[in-house]
Structures are given as C-alpha cells and as structure tokens.
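Written below as structure tokens is the structure these notes are about.
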Amino acid sequence: RDLSGCAGLPLGTLRRLREVSVVHRGEWRSLRVARALRFSASHLWLEAADGSGVRLQAGRAFLREGRLGDEQRLALGGEAFGGATVRPEALFEAVALSA
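Here the working numbering is used: the sequence shown runs in plain steps of one and ends on residue 102.
In structure tokens form, the structure reads like this:
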C-alpha cells in the first residue's frame, strides 16, 4: 500500500502494519514497525524498536533515523533508486480466515 494513504486508515488496519519501505537520499531503508501512534486523522507516527520512525502529517512524510535523529522530509512521490523511481510503501500482515 502507498505510504501516503496510511494516516487515514482505521486503527484495526494499522495494527496489521508490519514494515515501511522508503528510499531517502539514494538509500533504500526498511523499518519494522513496533508501534503506531495516531495523533489526529492526518497525523500518524510509525516507530521501529530502535526509535527510528516515519511521521505522516498533513500530506507530508518525515524520516527519523534512531531515537535521537532529526526528522528529514521524505518525497512521497518517490525517489530514484537503481534506475527506477521508488515510492514509499507500507507492508501489512495478511490474515487468512477459514470458513
């Protein structure tokens, strides 16, 4: 799923969010989401166990590396990596229900 649409998702869906994948300054990064905090309908914080995180706020996205890092703006439209434009995405746990 496109990362930019995650801020407005219901809490039940956000609980299944497992990983965020982004390209920032030419480097691919993957964050395993340990917690998701919703501050408002347009403000969401996704944090990894080491304190790194992604903030979605009012149509913008920011990346923080480590607990004490500064937040740096992410390009939600994508960034070049390996000859292609890669858009930030969110990966969710799939749950199969039996009948």
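Here a beta-carbon is modelled for each residue, glycine too, at the ideal position from N, C-alpha and C.
Cα-Cα separation between residue i and residue j, rounded to whole angstroms
i, j, result
"Ala37", "Glu22", "9 angstroms"
"Leu17", "Glu68", "21 angstroms"
"Gly15", "Gly81", "27 angstroms"
"Ala87", "Leu77", "17 angstroms"
"Asp53", "Leu47", "18 angstroms"
"Phe95", "Cys9", "11 angstroms"
Identity of the residue in the options nearest residue i by Cα
i, options, result
"Leu49", "Glu30, Val25, Gly29 and Trp31", "Val25"
"Ala93", "His27, Ser33, Ala83 and Gly54", "Ser33"
"Asp5", "Leu71, Gly62 and Ser101", "Gly62"
"Arg35", "Arg28, Val57 and Leu47", "Val57"
Under the three-state DSSP convention, the category residue i falls into
i, result
"Ser43", "strand"
"Leu34", "strand"
"Ala52", "coil"
"Leu17", "helix"
Delimiting residues of the beta strand (DSSP E) encompassing residue i
i, result
"Leu59", "Gly56 to Gln60"
"Leu6", "From DSSP, Leu6 is part of no beta strand (DSSP E); its letter is neither H nor E."
Check: residue i C-beta below 7 angstroms from any heavy atom of the ligand ATP
i, result
"Arg58", "As for the ligand ATP, it is missing from this structure, which has no ligand bound."
Buried versus exposed call for residue i [16 or more other C-beta atoms within 10 Å across all chains shown]
i, result
"Ala99", "exposed"
"Pro91", "buried"
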